[in-house]
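Under the UniProt record's numbering, the sequence shown has 143 at position 143, and the numbering climbs by one with no breaks. A short write-up of the structure that comes next.
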Amino acid sequence: MADSSPVKPDPEASREEAVQVATAKKPPPFVITSQGAHSRYLKLLIYSDYGVGKTFLSGTASNVDSMRDVLLLNAESGDLTLDIPEKEDKFNFKDIDRIRVKDYHTVARVHEFLKLHCQFRESGEEDRLIALESQLKGIEITKPKHYNTVIVDSLTEVEAYCMNQLLGISDSTK
């Protein structure tokens, strides 16, 4: 039977050997990082009754430097609240990119796009961001978006798309 008692450093061992023995058994209880060593991202769910301004509030992220660029996944055609005449658009809603989502398949493809986008954005691969965005917009771009905010409007509708996919319900079977 193996001895399960903790390993005690040899008093005659060097300091380096003692440190190796002390640290080899288990990982540290916490990690120290400097303040500038990481990016912070906000994950937020806004829940309320229909028509109280959830989309409008979310859209104001386009007016906050650290939260732009904004991508809206429009699953319920509720983006009319963001269609403000340009001369009255003090929130920069015109700068919000939009994707119309009508089924689970599209939601899944957008998710794959966002994973790639974040990978390229975080690693500074501007050329790959440009290629990806150009392909999806169907036009040549020179300056890619760096999406920091994604609005899903609404999660309830996306859930219904997921449930329909699981149940095998499509537009042709409704």
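Each residue gets a CB set at the ideal place from its N, CA and C atoms; glycine is no exception. These numbers come from a predicted model, not from an experiment.
For residue i, the three-state DSSP class (helix, strand or coil)
i	result
ILE141	coil
PHE113	helix
ARG128	helix
ASN63	helix
LEU57	helix
ASN148	coil
SER48	coil
LEU42	coil
SER170	coil
ARG68	coil
LYS94	helix
SER134	helix
PHE120	helix
residue 184	Residue numbering for the chain in the displayed model covers 1 to 174; residue 184 lies beyond these limits and cannot be assessed.
Within 8 Å, strictly: CB atoms of residue i and residue j
i	j	result
SER154	ALA75	yes
VAL150	LEU114	yes
SER66	ASN164	no
HIS146	ASP49	no
DSSP beta-bridge partners of residue i
i	result
ASN74	ARG100, ASP153
Residue i versus residue j: straight-line alpha-carbon distance, rounded
i	j	result
ALA131	PRO144	9 Å
ILE46	ILE139	33 Å
ASP103	GLY168	12 Å
GLU86	PHE56	15 Å
PHE91	SER134	26 Å
GLU126	PHE120	7 Å
GLY53	VAL152	14 Å
LEU136	LEU129	11 Å
GLY124	CYS162	33 Å
Determine contact between the segment 104-122 and the segment 80-93, defined as no fewer than three beta-carbon pairs at a distance below 8 Å. no
Do three or more CB pairs link the segment 63-75 to the segment 88-103 at distances below 8 Å? yes
Could you check whether the segment 25-32 touches the segment 54-65, counting it as contact only if at least three pairs of C-beta atoms, one from each stretch, sit closer than 8 Å? no
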